[in-house]
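Comments concern the structure below.
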Amino acid sequence: MNYSRKDLIQTDATMNQMRNSIYILANFMEKNGVPNLKDKLRKMGQNIAKTYVRYWKPTNQVTISNIKDVITTIYQKVLNSTISIEINDVENLIRVQDYRCALCKYHYDYIEIAGCEIILGMVSEIISLINKESKDPSSLFLEPYEIKESRAFGNKMCIQLYKYKSGRIS
């Protein structure tokens, strides 16, 4: 059966296949000395976002007042995850706790990178693309910051950190 990209957005099976192949790819890349694996996985997430927003966006504008709802919606609709979010206004950090991370379901002894690096790239890019054309000074732009914990490392949850900026980015 052939699926269009729009059809794939509606299916759950693609996430299982993606999760399985990420760790095979990451292991292969590590064994072969591919540099900057974290950056490459984040870039993969950004590329997924660029395609995804052509078919679905959770909203037309992202600000500090709706950022929690927007991120929650992305995690629910795209990753089938329920999360909790904390915003640190002092450090401009958003902390996402994900107990069912779609890309880090299993603990891998042989891997030193979390699959949710892809999620960091994807979520930050979706939000930045939504606000790219906005002239609203309250628009938010996210950058991937850090994977604090990961189920792939044996932790009970994944904790993903995003750095945010307000205003028009040139």
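The opening residue of the sequence shown carries number 8 in our numbering; numbering runs sequentially from there.
Positions of the beta carbon are idealized from the N, C-alpha and C atoms, including for glycine.
Mind checking residue i: buried by the 16 CB within 10 Å criterion, or exposed?
i, result
"isoleucine 4", "Limits of the chain in this structure are 8 at one end and 177 at the other, which puts residue 4 out of reach."
"alanine 20", "Because the pLDDT at alanine 20 is just 48, under 50, the model does not fix this residue reliably, and the point stays unresolved."
"tyrosine 82", "buried"
"tyrosine 169", "buried"
Got a sec? Which residues, its chain only, sit under 6 Å from residue i by beta carbon, not counting five neighbours each side?
i, result
"valine 185", "Absent from the model: residue 185. The displayed extent of the chain is 8 to 177, so no value can be given."
"arginine 158", "Cys108, Cys111, Cys165"
"isoleucine 94", "Ile101"
"leucine 86", "Ala109"
"glycine 161", "His114"
"glycine 174", "Pro144"
Nearest by alpha-carbon distance to residue i: which of the options is it?
i, options, result
"tyrosine 171", "Gly52, Lys112, Leu100, Tyr106", "Leu100"
"glutamate 150", "Asn87, Glu37, Arg49, Tyr59", "Arg49"
"threonine 58", "Glu153, Val130, Ile71", "Val130"
"tyrosine 62", "Asn73, Leu44, Lys84", "Lys84"
Per DSSP, residue i forms a beta bridge with which residues?
i, result
"cysteine 1", "The structure shown has nothing for residue 1, since the chain only spans 8 to 177."
"leucine 149", "Tyr171"
Does the Cβ-Cβ distance between residue i and residue j come in under 7 Å?
i, j, result
"threonine 179", "proline 65", "The chain is shown from 8 up to 177; residue 179 falls before or after that span and cannot be answered."
"glutamine 53", "valine 103", "no"
"isoleucine 118", "alanine 56", "no"
Only counting the same chain, and skipping five residues up and downstream in sequence, which positions put a Cβ closer than 7 Å to that of residue i?
i, result
"methionine 51", "Ile125, Gly128"
"phenylalanine 35", "none"
Could you name the residues of the same chain whose beta carbon sits closer than 8 Å to that of residue i, not counting the 5 residues immediately before and after it, in chain order?
i, result
"asparagine 39", "none"
"isoleucine 29", "Leu48, Leu110, Gly122, Ile125"
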